[in-house]
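Engineer:
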Amino acid sequence: MSTTHASHTVHLNLSLESAWRFLSDLSLAPYYVPGLTGCWFHPGPQRGCGASRRVQRRYGQWLDETVIDWQEGKGFVLHLHKAGRGAPFPFSEARFSYALEAYGSGSRMTLCLDYRLRGGRLVERLLASTFERTVQQIGECLTVYYETGETQNRDFLD
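Counting in the numbering used here, the sequence shown runs from 139 upward without gaps.
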């Protein structure tokens, strides 16, 4: 997939093992992804390749995310789609990855959105900064949640 990508790296004051315990629990996304209001698993595995969830967004919108690559203790890649209809608008293709590694006395995580947009390269250039900010915001909220247990997502009330 020849794509554009938006990425952000965060440093966590958590051991690699502790950070992986949070990251590998796919049900926790609403605690650190702004705008999510819920998360439900599709039938099948809830971790590893093939695990699939539906995340509920504000205003009744939803998105399916299916794990297409899982590296135990290191990260995974999610394919973003709307059931069998392909990527959600405005994407023609979209994947989100989390890569975790030990770093000093803590850990470091790189979040990356790889995508192609409907409308081609011009539209991608116009929206690139929006996606960069979104990925950065997810990383910052993830850091606070992992380190304190407090969600920064005002849209999610558990």
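We put the CB at the ideal spot given by N, CA and C, even for glycine.
1) Skipping 5 residues on each side, what residues in its chain have a beta carbon closer than 6 Å to that of residue 213?
2) To the nearest angstrom, how far is it from the Cα of residue 294 to the Cα of residue 286?
3) Taking only three categories from DSSP, how would you classify residue 292?
4) What span of residues does the alpha helix (DSSP H) with residue 144 cover, start to end?
5) Distance check for residue 149 and residue 220, CA to CA, integer angstroms please.
6) Looking only at its chain, what residues have a beta carbon closer than 8 Å to the beta carbon of residue 226, apart from the 5 residues adjacent to it on each side?
7) When DSSP labels each residue in this structure, what does residue 176 get in the three-state scheme?
8) Output yes or no for whether 8 Å exceeds the beta carbon distance between residue 145 and residue 249.
9) If we count Cβ pairs, one from each stretch, closer than 8 Å, do we get three or more for the stretch 271-289 versus the stretch 161-172?
10) Roughly how many angstroms lie between the CA atoms of residue 196 and residue 151, to the nearest whole one?
11) Rounded to whole angstroms, what's the CA-CA distance from residue 154 to residue 209? Just pull it up for me.
12) Counting Cβ pairs closer than 8 Å, one from the stretch 265-279 and one from the stretch 174-189, do we hit at least three?
13) Please go through the same chain and pick out, in chain order, the residues whose beta-carbon is closer than 6 Å to the beta-carbon of residue 254, but skip the five residues on each side of it.
14) In three-state terms, what does DSSP make of residue 162?
Structural biologist: On the basis of the data shown:
1) 236, 237, 238
2) 16 Å
3) coil
4) Where residue 144 is concerned, there is no enclosing alpha helix (DSSP H), although the beta strand (DSSP E) it sits in stretches over 142-150.
5) 32 Å
6) 201, 218, 219, 220, 232
7) strand
8) yes
9) yes
10) 31 Å
11) 13 Å
12) no
13) 141, 230, 231
14) coil
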